[in-house]
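Protein chains in written order, with the working numbering: chain A, 17 to 520; chain B, 120 to 169.
Don't be surprised by glycine CBs; every beta carbon is placed ideally from N, CA and C.
No experiment lies behind these values; they were computed from the predicted model shown.
See below for the structure under consideration.
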Amino acid sequence: MIPALTREDFKVIGFNLCRIGNILGFLLLVPIIVAVIYREFDIVPHFIIASSITFILCNVGIHFLKTDKKMEVKHALCLAAVAWIFCMMLAAIPLWSTRTTGSYLDANFETMSGFTTTGLSLAQGLDHLPYSINFYRHFLQFVGGIGIIVVSLMILSKSEMSSVLAFKGEAREMGIRPNIVRSSRIILGIALTFMVIGAVLFSVVAIGEGANIGTSIFDGVNYSMAAFSTGGFAPHSQNILFYHSTLYEIVALVIFLIGSFNFTFHYAVLSGKRREIFKNIEIKTMFIVLMLSTLVISGLLLYFNVYPSASILFRKAFFQAASAQTTTGFGTVYPAQIAGIWPSAVLFMMSIIMVIGACANSTGGGIKAIRIGIIVKSFFREVKKALSPGSAVVTEKFHHIEDTPLTDTIARGAMLIALGYIILFVVGTTATVLCGYNASSSMYETGSAVGNVGLSSGITSPAMPVPLKITYIFLMWAGRLEIMAVLVLMGFVILALRKGVRRR
Amino acid sequence: MERRRSGLRAFLKKNFDFITGILSEVGLTAVIMVVAFIICVMLVLIKSMI
């Protein structure tokens, strides 16, 4: 029997939530540096006000909710779920007050899309936004990509245990190092290394294409943050197409493909275990799925005479497929073209790979390649069992950093998460169709929201119905948390409503 | 000059795994892109033959 909740349970969650909020308060001050550099002094007060509200709210919360009770699994899962909503509502303030979005709800949509590294955008007039606001949108993806909660706990954690628990709540189980604080620092180090490399490459290519140096560097930093975070936001309304450069697209491909790899894999390869590239189940699964989807999508687009040549197929079909599977959301095809000239079968295929997603413990979303690999291996194991004599013991193992036996518990866990994503996908698609959109575009847009991708068939716009905006915010949030934390939060609320809250 | 060269050698030796690791990952993405391009070329060739 599940015991009733106590006030202390809520205090533990609230206290730690306010501590995370304090970190957000500091992060809200970072765009001020960009505002000062570009002399956008009228933008500075918006960030100061948002930061002040965050600090005041969180420190009042810390004062009243202070507790010595240790965090348990249920608290950590609820904290992970609530933290995204809490941070979204506070981080939306500058976007709303600067009228980057049409309403506070749109600002929340934009912020959740940023934090979850989705990339669907409701920002108005992207090409004319102040530099600091554009930087802020990409900075949200950077912070969300490497895990605001991980960063917060890396700085704040008193005990290792509470950090580990919240880390699991954010669906990022990992095994780089037993010490979670060191692991978080390693993640930050890896992310910053690749982001600096990306920014330099993007800037050099843009300068080579004839863009001015200032714009090239600003865009380079933003595109690099969005690419490694597999986010998909762009400082221009034409997204990655702004430069009309194959080389720029190739740099983007390199950075977002690397961004979609598992951080544990990064750590293994960067510490000398290069054979992991050939043995890792996740990399193999991702490679096979991406090549199969490229084959099918390119084949269909060629069959329907959408694109005639190999180079265009590579730049349009493969780029879109890679962007979808890595859950990045950079697009080299305009949403209107996707909805208008791409066949429904391609949209369906793209929806599937968006839900499959990138590697676990990366900045990407979706079911994750490792789970797909485990599910496929489980099927093979069951077939082998059926073909073997009754007394035979059939075992299967998979390689992810080390050889691991494939147990029923691991297979069941992978299948449950996959089932959760499928349910979210069906619910989201149904809601979109009910709002009057056609089925294939609805599947595409929902797959994009659930998988935290960001590619759009044109449904996501400031004019979309309010219930659909709320549905997509929920889908992006639940997809980022891999459902479990959301279910525990719902259980927490239902328990509180049914059994009440005890004093002790 | 000699000191600078030995300093560079020491840096490369110390960070050998890290640098080759980054190059390996970039190489992996290059392989992915090359295979994808070959798929696109093969499809176009097959269509032109039909």
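Legend entry - Sequence-distant residues of its chain with Cβ nearer than 6 Å to Y152(A) (five each side left out): Non-local C-beta neighbours of Y152(A) in its own chain, meaning closer than 6 Å and more than five positions away in sequence, comprise P47, ordered along the chain.
Legend entry - Close beta carbons around P481(A), own chain, < 6 Å, minus the five adjacent residues each side: Same-chain partners within the cutoff: C451.
Legend entry - Three or more C-beta pairs below 8 Å linking the region 451-465 of chain A and the region 43-59 of chain A: Between the region 451-465 of chain A and the region 43-59 of chain A there are fewer than three C-beta pairs closer than 8 Å, too few to call the two in contact.
Inset, instruction - Classify L21(A) as helix, strand or coil using the three-state DSSP reduction. - result: Three-state DSSP puts L21(A) in a strand.
Legend entry - chain B residues whose Cβ lies nearer than 7 Å to that of V270(A): For V270(A), the C-beta contacts it makes with chain B under 7 Å involve V145 and T148, in order along the chain.
Legend entry - Spatially closest choice to L142(A) from V76(A), A250(A) and Y239(A), by CA coordinates: Its Cα nearest to that of L142(A), the residue A250(A) stands out among V76(A), A250(A) and Y239(A).
Legend entry - Buried versus exposed, by CB contacts within 10 Å (16 or more), E265(A): So E265(A) counts as buried.
Legend entry - Enclosing beta strand (DSSP E) for D419(A) [first to last residue]: Secondary structure note for D419(A): its beta strand (DSSP E) is the uninterrupted segment E418 to P421.
Inset, instruction - Kindly indicate which residue of F131(A), N124(A), M241(A) and I229(A) has the alpha-carbon position closest to the one of T487(A). - result: Measuring from the Cα of T487(A), the nearest candidate turns out to be N124(A).
Inset, instruction - Grab the span of the alpha helix (DSSP H) containing F258(A) for me, first residue to last. - result: Premise fails: F258(A) is in no alpha helix (DSSP H) and is neither H nor E.
Inset, instruction - Kindly list the residues whose CB is nearer than 8 Å to the CB of E121(B), restricted to its own chain and excluding five residues on each side of it in sequence; keep chain order. - result: There are no such residues.
Legend entry - CB contact check: I165(A) to chain B, cutoff 8 Å: The pLDDT assigned to I165(A) is 48, lower than 50, so where the model puts this residue is not dependable, and the model offers no usable value.
Legend entry - Against chain B: residues of the region 304-318 of chain A by CB proximity under 7 Å: Within the region 304-318 of chain A, the residues whose Cβ lies closer than 7 Å to some Cβ of chain B are L306, M307, T310, L311, S314, G315 and L318, listed in chain order.
Inset, instruction - Check K413(A) in the structure and name its three-state DSSP category. - result: When secondary structure is reduced to three states using DSSP, K413(A) falls in the strand class.
Inset, instruction - Kindly list the residues whose CB is nearer than 8 Å to the CB of K485(A), restricted to its own chain and excluding five residues on each side of it in sequence; keep chain order. - result: The residues are L121, D122, F125 and L138.
Legend entry - Interfacial residues, the region 381-403 of chain A to chain B, with Cβ spacing under 7 Å: Listed by position, the residues of the region 381-403 of chain A near chain B (Cβ gap below 7 Å) amount to none.
Legend entry - Length of the line joining the Cα atoms of N278(A) and I386(A): Distance between N278(A) and I386(A), taken at the CA atoms: about 10 Å.
Inset, instruction - Kindly give me the distance between the Cβ atoms of I313(A) and A333(A), rounded to whole angstroms, as I take these residues to be in contact under 8 Å. - result: Contact holds; Cβ gap of about 5 Å.
Legend entry - Where the alpha helix (DSSP H) containing C94(A) begins and where it ends: Unbroken alpha helix (DSSP H) run through C94(A): V89 to S113.
Inset, instruction - Output yes or no for whether 8 Å exceeds the beta carbon distance between G382(A) and G389(A). - result: Cβ atoms of G382(A) and G389(A): not closer than 8 Å.
Inset, instruction - Using the Cα positions of Y437(A) and N377(A), report the straight-line distance between them to the nearest angstrom. - result: Cα to Cα, Y437(A) sits roughly 17 Å from N377(A).
Inset, instruction - Identify whether R291(A) lies in helix, strand or coil by the three-state DSSP scheme. - result: DSSP, read as helix, strand or coil, puts R291(A) in coil.
Inset, instruction - Anything in chain A within Cβ reach of L162(B), meaning under 8 Å, just list it in chain order. - result: Against chain A, the beta carbon of L162(B) has neighbours under 8 Å at L311, S314, G315, L318, A326 and L329, listed in chain order.
Legend entry - Residue span of the alpha helix (DSSP H) that contains T446(A), given as start and end: In the DSSP assignment, T446(A) falls within the unbroken alpha helix (DSSP H) covering D424 to L450.
Inset, instruction - Consult DSSP for E176(A) and reduce its assignment to one of helix, strand or coil. - result: Residue confidence for E176(A) is low, a pLDDT of 43 falling below 50, so the modelled location carries little weight and cannot support an answer.
Legend entry - Whole-angstrom C-beta distance between T246(A) and G161(A), which should lie under 8 Å: Yes, G161(A) and T246(A) are in contact; Cβ-Cβ is about 7 Å, under 8 Å.
Inset, instruction - Compare the C-beta of M152(B) against all C-beta atoms of chain A and say whether one is closer than 8 Å. - result: For M152(B), the answer is yes, since a Cβ of chain A falls inside 8 Å of its Cβ.
Legend entry - Short CB-CB distance (under 8 Å) between S287(A) and chain B: It does: the Cβ of S287(A) has a partner Cβ on chain B nearer than 8 Å.
Inset, instruction - Could you tell me if E498(A) is buried or exposed, where buried requires 16 or more neighbouring beta carbons within 10 angstroms of its beta carbon? - result: E498(A) is classed as buried because its beta carbon has at least 16 other beta carbons within 10 Å across all chains shown.
Inset, instruction - For T70(A), collect the residues of the same chain with a Cβ closer than 7 Å to its Cβ; drop the 5 residues on either side in sequence, then sort them by chain order. - result: Closer than 7 Å at the Cβ level, and outside the excluded window around T70(A), lie G37, L40, G41, L44 and L106.
Legend entry - 8 Å Cβ cutoff met for S339(A) and S456(A): No. Outside cutoff.
Legend entry - Paired residues, beta bridge with V517(A) - DSSP: For V517(A), which the question treats as bridged, DSSP gives the partners L21(A).
Inset, instruction - Measure the CB-CB distance between T342(A) and F272(A) and report whether it falls below 8 Å. - result: In terms of Cβ geometry, T342(A) and F272(A) form a close pair [threshold 8 Å].
Legend entry - 6 Å CB neighbourhood of F508(A) in its chain, flanking five on each side removed: The beta carbon of F508(A) sits closer than 6 Å to those of C94, all from its chain and outside the five residues before and after it, given in chain order.
Legend entry - Counted within 10 angstroms of its Cβ, other Cβ atoms place D84(A) as buried (16 or more) or exposed: Classification of D84(A): exposed, given that the 10 Å Cβ count is below 16.
Legend entry - Selection of the region 198-219 of chain A by Cβ proximity to chain B, strictly under 9 Å: So the close ones are T209, F210 and I213.
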